[in-house]
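Number of protein chains: 2
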Amino acid sequence: MARAGLSGARLAQAGAELADEVGFEQVTVSALARHFSVQVASLYSHVRNSDDLKARIATVALTELADQAAAALAGRAGRDALHALADVYRDYARTHPGRYTATRHTAAASVLGEQYVDAGRRHSELVRAVLRGYDLGEPAQTDAVRLLGSTIHGYITLELAGSFSHSEPSASDSWPRIIDALDTLLRSWS
Amino acid sequence: MARAGLSGARLAQAGAELADEVGFEQVTVSALARHFSVQVASLYSHVRNSDDLKARIATVALTELADQAAAALAGRAGRDALHALADVYRDYARTHPGRYTATRHTAAASVLGEQYVDAGRRHSELVRAVLRGYDLGEPAQTDAVRLLGSTIHGYITLELAGSFSHSEPSASDSWPRIIDALDTLLRSWS
DNA sequence: GTATTTGCCTAAAGCCTTTAGGCAAACTGG
DNA sequence: CCAGTTTGCCTAAAGGCTTTAGGCAAATAC
Chain R
1 MARAGLSGAR LAQAGAELAD EVGFEQVTVS ALARHFSVQV ASLYSHVRNS
51 DDLKARIATV ALTELADQAA AALAGRAGRD ALHALADVYR DYARTHPGRY
101 TATRHTAAAS VLGEQYVDAG RRHSELVRAV LRGYDLGEPA QTDAVRLLGS
151 TIHGYITLEL AGSFSHSEPS ASDSWPRIID ALDTLLRSWS
Chain X
1 MARAGLSGAR LAQAGAELAD EVGFEQVTVS ALARHFSVQV ASLYSHVRNS
51 DDLKARIATV ALTELADQAA AALAGRAGRD ALHALADVYR DYARTHPGRY
101 TATRHTAAAS VLGEQYVDAG RRHSELVRAV LRGYDLGEPA QTDAVRLLGS
151 TIHGYITLEL AGSFSHSEPS ASDSWPRIID ALDTLLRSWS
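This is how it looks when you write it as structure tokens:
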């Protein structure tokens with residue numbers, strides 16, 4: 001019997017792709033086993049359980065997103081950097097909805113941790129790097145990190161859920177105007 | 001055999017309470033049947049399926065939240081109204097985390113609809129009512145509705161997930177400052 | 001007080017998770 | 001190149017959640 005060549009990393013990768021196709025919640029150990037034409041029990045040699053699998057997928061996604069954000073921020077500052085960062089998040093969520101959902105699956109973070117937490121730290125640092133263009137002290141800077149994170153994540157979540165698709169203007173039209181508004185706000189943060 | 005007195009409404013109500021105790025994702029037809037000391041199959045006379053149950057819980061929660069928001073907004077305007085609305089959402093999410101999660105479970109909305117959509121419309125109208133204090137035209141007003149919804153929902157989601165609990169200042173300290181920042185922003189929206 | 005409706009039951013099939021134990025393929029060193 | 005060891009995938013099985021079908025009894029209606 002030929003071996004399928006499974007491994008924790010390959011399962012996480014395939015799981016991430018599956019999440020984008022059928023939705024993160026629909027990713028199951030069984031579905032992944034079918035994908036590899038392998039018995040379900042075989043996957044349990046590579047993954048502790050279903051939560052562990054989801055945590056690995058979340059880590060893959062969060063890391064991938066941090067890489068893209070870092071690349072987009074290179075050589076940019078101020079308003080330009082803010083738009084670049086925001087667009088990376090939104091574009092990632094639109095092209096990889098399952099993976100984006102996975103990044104926020106913190107229930108699973110308690111199972112793995114380590115690399116997930118590292119990737120999370122990279123994200124905060126990238127946001128703080130953007131904020132260096134706005135000259136904020138503490139606690140304003142932390143407030144601003146939270147404001148940006150909340151607004152960007154909130155907008156993406158609502159758009160993905162279809163909340164903006166039944167009214168004008170299009171979600172893509174509002175987006176840059178909202179990011180510009182945040183830029184203005186940060187510039188005049190008391 | 002004494003009857004338990006089940007009904008769609010009672011199941012939705014009990015389901016909402018269960019969601020706050022164990023988390024919305026953990027609410028299952030089986031768990032609810034156990035709660036009523038009744039056979040699982042019995043619930044299927046009152047609820048079409050698991051998604052239907054979740055959609056009913058979502059509707060209960062969204063309606064309850066709209067009621068509270070409407071009450072809090074009575075007699076308020078401007079900055080005052082904005083804080084009141086924002087606080088209603090955040091307080092509701094903190095006291096009823098399962099129900100708050102349910103309100104955003106739009107996958108289920110396709111199953112039921114009607115009342116859920118109604119409650120959703122009430123929420124948009126309340127936000128627009130708050131924005132009347134800021135004198136915005138279109139498309140600025142719609143942009144502002146989306147900004148407020150995104151930031152408030154995003155902040156609540158991240159706070160609930162524990163994203164703000166490992167750094168200073170506390171989530172409760174940042175919150176009013178962020179809402180104030182939004183007030184300032186709306187006041188000077190170009 | 002009979003007739004009808006309604007509510008909860010038993011039974012059963014299907015899918016997902018997870019553990020235990022086994023055989024064979026693939027590396028490892030002489 | 002071929003033993004010995006590791007590793008990978010297998011079969012088997014138990015337990016939980018969902019959902020449908022069909023039945024008996026309690027509540028309601030006339």
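Going down the list, the protein sequences come from chains R and X. Be aware that the first sequence starts at 1, since it is given in my numbering, and climbs by one per residue. Be aware that the second sequence starts at 1, since it is given in my numbering, and climbs by one per residue. Every residue, glycine too, gets a C-beta built ideally from N, C-alpha and C. As the structure is a prediction and not an experimental result, all values here were calculated from the model.
Taking a Cβ-Cβ threshold of 8 Å, the residues of chain X close to R/Ala161 are Arg104, Thr106, in chain order.
Comparing alpha-carbon positions, the option among R/Val127, R/Val29, R/Thr157 lying closest to R/Ala74 turns out to be R/Val127.
The alpha-carbon separation between R/Ala41 and R/Asp20 amounts to approximately 24 Å. Inclusion of R/Ser174 and X/Arg121 in the CB contact set at 7 Å is not warranted, their separation being larger than that value. Straight-line measurement puts the Cα of R/Ala70 at about 32 Å from the Cα of R/Gly5. The Cβ of R/Tyr155 sits closer than 7 Å to at least one Cβ of chain X. Counting only residues of its own chain and dropping the five nearest sequence neighbours on each side, R/Ala171 has a CB closer than 6 Å to the CB of Glu159, Phe164. For X/Ile178, the closest Cβ of chain R is nearer than 7 Å.
Taking a contact to require three or more Cβ pairs closer than 8 Å, the region 91 to 101 of chain X and the region 51 to 64 of chain X qualify as touching.
Each residue's CA atom was taken as its position, placing R/Trp189 and X/Thr106 some 35 Å apart.
For the 7 Å CB-CB criterion, R/Asp143 and X/Arg177 form a contact. Taking 7 Å as the threshold, the shortest C-beta distance from R/Ser150 to chain X falls below it. R/Ser7 is classed as exposed because its beta carbon has fewer than 16 other beta carbons within 10 Å across all chains shown.
Check the Cα spacing between R/Leu186 and each of R/Ala93, R/Tyr116, R/Ala12, R/Tyr134: the tightest is with R/Tyr134.
R/His46 places its beta carbon less than 7 Å from that of R/Leu11.
Annotated three-state conformation of X/Ala74 is coil, per DSSP.
Burial is judged here by how many other beta carbons sit within 10 angstroms of a residue's own beta carbon; X/Gly154 has at least 16 and is buried. X/Arg34 counts as exposed, since fewer than 16 other beta carbons sit within 10 angstroms of its beta carbon.
Closer than 7 Å to the CB of X/Ala181 there is at least one CB belonging to chain R.
Proximity of R/Arg146 to chain X, defined by a Cβ-Cβ separation below 7 Å, is satisfied. Between R/Thr63 and R/Ala119, the beta carbon gap of about 5 Å places them in contact (Cβ cut-off 8 Å). If you check each beta-carbon in the region 33 to 51 of chain R against every beta-carbon of chain X, none falls closer than 7 Å. At a cut-off of 7 Å between C-beta atoms, R/Ser170 does not count as an interface residue with respect to chain X. Where R/His166 is concerned, there is no enclosing alpha helix (DSSP H), because DSSP gives it neither an H nor an E.
X/Ser50 is the residue among X/Ser37, X/Leu43, X/Tyr44, X/Ser50 whose C-alpha sits nearest the C-alpha of X/Val27.
If you check the CB distance, R/Ser150 and X/Thr184 do not come in under 7 Å. For X/Leu18, the CB contacts under 6 Å within the same chain, skipping 5 residues up- and downstream, are Val27 in chain order. C-alpha of X/Asp67 to C-alpha of X/Ala93: approximately 14 Å in a straight line. Here DSSP, grouped into helix, strand and coil, assigns X/Thr95 to helix. Residues of the region 118 to 143 of chain X whose Cβ lies closer than 9 Å to any Cβ of chain R, in chain order: Gly120, Ser124, Glu138, Pro139, Ala140, Thr142, Asp143. Taking all protein chains shown into account, R/Thr103 has 16 or more neighbouring C-beta atoms within 10 Å of its C-beta and is therefore buried.
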